[in-house]
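Trainee:
Residue numbers (the working numbering): -8 to 829.
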């Protein structure tokens, strides 16, 4: 046995093991190493348990509003799944974030790759490279921080991702404070997570370590990826900027995984080559909105009332994509419903934010003064606080600042200590945060709150100096950064909204006459600007002013039955859709007139069709004809129509960018028992023979009611005629008119289709074959069709084919023998044109 052991050691190439004693010594050494390893593993497990325990305490509560005010809720009780999509890039998006939300709300329902927060590091099928770094984008208040909080809490509670050994959640707001100090990665971890000190540094060099960096948009580090020195040692101290850039680049701790969240405007701070996957938080889908409110309101009746109310206002419904706005809405509607003295529930954004301000102002009276919650009067402190916060909001909005320091507040006359104790307005809509050893940092609970208070400030200070200066200023903003501010400002000009403020100084020149001037000015700007996004915001402004005169004009236009021609610009189209969707009341009035909806040449896209689909699926819509010709709808547009069964008696989709792919969806519509489609025009789309083959599957269905089909200029050949012949011979086809013009069918194509035309069960009466490459040979075939007593064909258009005189004579001879029937042939050669009407 000893010899075998010695032999084994020799084979292993270990020097100095010439006898068993040496081997035993080595065995003892290995045993000691194993004990040391087990000891280290035990320390790691202990550290992990301590870290999980502390993270659980830190993240188990969700503070809606401000933590100091005590509005804490268990995260697991209130958390509602968020809509997260995979894909995209880390490019900067500088549009106003509410505008981004509105654009997303108008997108089609085309399939997107969705992902769950717990699977954020799991590679999707087909991805070869493992995911190390994930960037998650999303507008303010959309739920990015809550998402990382839920991920961390689930790990700490042993519910998910237990393959991860350590999770380290950081915020850039905390890291900013250390930007002038030097740390090694290990010391940085020990600084923020002291529980890890006993684990040493060996356990962090494993792939089971996850770093979360929340709020890249708040980063104050230069993040100089191009000039910072390379760092690979986790124990070497350096600047925080060098440390982070090397960690993100994968030079430092390459086995670790990183999750970075950011608002879209700051996404380009990380080079794209450093990011393996980009995801986007879209906030709440419509079902998720309902789920949120049902969790917030245990009273089912109240929850149903609030959900129903949100759906009646497009502005509120769109904003509820943002979870923070859902919280604001829930706070307001709960208060209004509870007091019973708020009149109607707020329908505009301005009304909602005024109510929110009023609700928060009353918290001071109840909490500190023992006053009644329904007391309508504002205290001098609350009034002063609103004016001061408004000034701060406006000045910092102009600078583009969303985070403020104590000096900023002092300049606006805000006494932080007094405000924190006595003002509900301050504590509920204003966040005060303090990281490790950092100065106090402040921000509004959401950008929209800052914009609202900025509008209050301008309304009380500047608007008297010019009726429409604010409108012009907002229109000059290239990316819509003043869109929401303008809506609030105009909404505040209504006397009814000023009455809601009940105590805040009123604008001296607020009257219905001035508002009417503003309405007319906005209408003028709508006619001037061709940008859909800018136009939509102007219509939102009209909605805040509660002016529906343009809606009435649209109703009259619809009632006239006139088609919308190429005069309808994208902006005007957006206006129409906005008003059709502005509320259930207006929708029901508008769709009453929608018997014929003609939107040819209107610069529409599949996005436009997605919005329009909401109108068409209304029960009050009695649409009989839909004309979307000459718009770039593409296949996704047809897919949307087929999914929602929105085809009607007549549907015109000529020249809409379709390909053979859409024919499968069209076929399913034709074969549906519910389909009412009788006329379908698909001319000037590249459907090809393969598309017609799919289409014929639906045409042969016994449920198909199609009577008039146009496939003119669809890049077809004689192969399509073979399929169509089977349809005409099926006996179940209802086709009476078929247009195959401007397809190179040749004489062979006509031969294929002639058999079906002579079938007594074929109902086809009109056939158009213009510009189909026919010769006199086809005339003989067509003449035999006319000679057939079983054929119902009465109209044939064979114009612009090289039929020659001999071919025309054959057709004339066939018609001459049918004196008992009225049949028409339109023929032409390249030399002359002859009409026969017998």
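Where is the CB? At the ideal position from N, CA and C, for every residue including glycine.
Three Cβ pairs or more, each shorter than 8 Å: is that satisfied between the segment 160 to 168 and the segment 203 to 215?
Mentor: Segments in contact, yes.
Trainee: According to DSSP, is residue 366 helix, strand or coil?
Mentor: Numbered from 1 along the chain shown, position 375 holds the residue referred to as residue 366. With a pLDDT of 47 at residue 366, under the threshold of 50, the modelled position of that residue is not reliable, and the figure given next carries that caveat. Three-state DSSP puts residue 366 in coil, outside helix and strand.
Trainee: Work out the CA separation of residue 251 and residue 242 for me, nearest whole Å.
Mentor: To locate residue 242, count along the chain shown from 1; it is residue 251. To locate residue 251, count along the chain shown from 1; it is residue 260. Taking the straight line from one Cα to the other gives about 17 Å.
Trainee: Does the structure place the segment 768 to 781 close enough to the segment 744 to 752 that three or more beta carbon pairs sit under 8 Å?
Mentor: Flag = yes, the segment 744 to 752 and the segment 768 to 781 touch.
Trainee: Could you work out which residue in 173, 476, 262, 680 is closest to residue 226 when comparing CA atoms only?
Mentor: Translated into the one-based positions of the chain shown, residue 226 becomes position 235. Of 173, 476, 262, 680, the residue nearest in Cα terms is 173.
Trainee: Kindly indicate the opening and closing residues of the alpha helix (DSSP H) around residue 283.
Mentor: Counting from 1 along the chain shown, the entry for residue 283 is found at position 292. Residue 283 -> alpha helix (DSSP H) spans 277 to 287.
Trainee: What's the call for residue 314, buried or exposed, on a 16-neighbour Cβ count within 10 Å?
Mentor: As a working note, residue 314 is residue 323 in the chain shown. Result: buried.
Trainee: So, under 8 Å CB-CB, residue 832 and residue 650 are touching, yes? Tell me the CB distance rounded to an integer number of Å.
Mentor: With the chain represented from -8 up to 829, any question about residue 832 goes unanswered, as that position is not in the structure.
Trainee: Please report the residue range of the alpha helix (DSSP H) in which residue 401 lies.
Mentor: Position 410 of the chain shown, counting from 1, holds the residue named residue 401. Unbroken alpha helix (DSSP H) run through residue 401: 397 to 402.
Trainee: Rounding to the nearest angstrom, what Cα-Cα distance links residue 122 and residue 71 in this structure?
Mentor: What you label residue 122 is simply residue 131 of the chain shown in a count that begins at 1. What you label residue 71 is simply residue 80 of the chain shown in a count that begins at 1. For residue 122 and residue 71, the distance between alpha carbons rounds to 26 Å.
Trainee: Using the beta-carbon count (16 or more within 10 Å), is residue 787 buried or exposed?
Mentor: Translated into the one-based positions of the chain shown, residue 787 becomes position 796. Buried: at least 16 other Cβ atoms inside 10 Å.
Trainee: Would you call the segment 145 to 162 and the segment 281 to 301 touching, i.e. three or more CB-CB distances under 8 Å?
Mentor: In short, these stretches do not touch, since the Cβ pair count stays below three.
Trainee: Let me make sure I understand the geometry here. Which of 720, 685, 771, 373 has the alpha-carbon closest to that of residue 781?
Mentor: For the purposes of this step, residue 781 is taken as residue 790 along the chain shown, with counting starting at 1. Taking only the C-alpha atoms, the option nearest residue 781 is 720.
Trainee: In three-state terms, what does DSSP make of residue 320?
Mentor: Taking the chain shown and counting its residues from 1, one reaches residue 320 at position 329. Note: residue 320 maps to helix in three-state DSSP.
Trainee: Between the Cα of residue 186 and those of 543, 40, 300, 514, spot the shortest distance and give me the residue it belongs to.
Mentor: As a working mapping, residue 186 is identified with position 195 in the chain shown. The residue with the shortest Cα to Cα distance from residue 186 is 40.
Trainee: Give the range of the beta strand (DSSP E) segment to which residue 762 is assigned.
Mentor: Taking the first residue of the chain shown as position 1, residue 762 is located at position 771. Segment: none, residue 762 is in no beta strand (DSSP E) and carries neither H nor E.
Trainee: Since residue 791 contacts residue 762 with CB under 8 Å, what's their CB separation in whole angstroms?
Mentor: Taking the first residue of the chain shown as 1, we reach residue 791 at position 800. Taking the first residue of the chain shown as 1, we reach residue 762 at position 771. The pair is a contact, with the Cβ atoms about 5 Å apart (cut-off 8 Å).
Trainee: In whole angstroms, what separates the C-alpha of residue 520 from that of residue 280?
Mentor: Sequence index remark: in the chain shown, residue 520 carries index 529 (1-based). Sequence index remark: in the chain shown, residue 280 carries index 289 (1-based). Taking the straight line joining both Cα atoms gives about 34 Å.
Trainee: Within the same chain, show all residues whose beta-carbon is closer than 6 Å to that of residue 517, passing over the 5 residues directly before and after it, in chain order.
Mentor: Numbered from 1 along the chain shown, position 526 holds the residue referred to as residue 517. Hits under 6 Å: 526, 529.
Trainee: So, helix, strand or coil for residue 53, using DSSP?
Mentor: Position 62 of the chain shown holds residue 53. Residue state, collapsed to three classes: strand.
Trainee: Where residue 116 and residue 201 are concerned, what is the direct C-alpha to C-alpha distance, given to the nearest angstrom?
Mentor: Stepping through the chain shown from its first residue, residue 116 is reached at position 125. Stepping through the chain shown from its first residue, residue 201 is reached at position 210. Their Cα atoms are separated by approximately 22 Å.
Trainee: Find out if the Cβ-Cβ distance for the pair residue 756, residue 785 is shorter than 8 Å.
Mentor: Looking up residue 756 in the chain shown gives position 765. Looking up residue 785 in the chain shown gives position 794. The answer is yes: Cβ separation under 8 Å.
Trainee: Using only alpha-carbon positions, find the residue among 793, 321, 266, 700 that is nearest to residue 289.
Mentor: Position 298 of the chain shown, counted from the first residue, corresponds to residue 289. Closest by alpha carbon: 321.
Trainee: Identify every run of the alpha helix (DSSP H) within the segment 195 to 234, keeping only runs that are complete inside it and at least 4 residues long; order them along the chain.
Mentor: Taking only runs of at least 4 residues, no alpha helix (DSSP H) segment lies wholly in the segment 195 to 234.
Trainee: Secondary structure at residue 511, three-state DSSP: helix, strand or coil?
Mentor: The sequence position of residue 511 within the chain shown is 520, counting from 1. Residue state, collapsed to three classes: helix.
Trainee: Is it true that the segment 102 to 113 meets the segment 220 to 239, where meeting means three or more beta-carbon pairs spaced less than 8 Å apart?
Mentor: Contact between the segment 102 to 113 and the segment 220 to 239 is absent, because fewer than three Cβ pairs lie under 8 Å.
Trainee: What residue range does the beta strand (DSSP E) around residue 432 cover?
Mentor: Working through the chain shown from its first residue, we reach residue 432 at position 441. Here the beta strand (DSSP E) through residue 432 covers 432 to 435.
Trainee: Using the Cβ count rule (16 or more neighbours within 10 Å means buried), how would you classify residue 798?
Mentor: The residue labelled residue 798 in the question sits at position 807 within the chain shown. When all chains shown are included, residue 798 counts as buried.
Trainee: What first and last residue would you give for the beta strand (DSSP E) that runs through residue 264?
Mentor: Sequence index remark: in the chain shown, residue 264 carries index 273 (1-based). Looking at the DSSP string, residue 264 is not in any beta strand (DSSP E), and its letter there is neither H nor E.
Trainee: If we ignore side chains and look at the alpha-carbon of each, how far apart do residue 167 and residue 182 end up?
Mentor: Numbered from its first residue, the chain shown carries residue 167 at position 176. Numbered from its first residue, the chain shown carries residue 182 at position 191. Cα to Cα, residue 167 sits roughly 14 Å from residue 182.
Trainee: Can you tell me whether DSSP reads residue 296 as helix, strand or coil?
Mentor: To locate residue 296, count along the chain shown from 1; it is residue 305. Three-state result, residue 296: helix.
Trainee: Quick check on residue 789: does DSSP put it in helix, strand or coil?
Mentor: Your numbering for residue 789 matches position 798 in the chain shown. The answer is strand: DSSP assigns residue 789 an E or B state.
Trainee: Just to confirm before moving on: does the CB-CB distance between residue 244 and residue 204 stay below 8 Å?
Mentor: Working through the chain shown from its first residue, we reach residue 244 at position 253. Working through the chain shown from its first residue, we reach residue 204 at position 213. No. Outside cutoff.
Trainee: Using the three-state DSSP reduction, which class does residue 71 fall into: helix, strand or coil?
Mentor: Taking the chain shown and counting its residues from 1, the one referred to as residue 71 is at position 80. If DSSP states are grouped into helix, strand and coil, residue 71 belongs with coil.
Trainee: So the alpha helix (DSSP H) residue 141 belongs to, where does it begin and stop?
Mentor: Indexing the chain shown from 1 puts residue 141 at position 150. From DSSP, the alpha helix (DSSP H) with residue 141 extends over 135 to 147.
Trainee: By DSSP, does residue 651 sit in helix, in strand, or in coil?
Mentor: Indexing the chain shown from 1 puts residue 651 at position 660. Coil at residue 651, not helix or strand.
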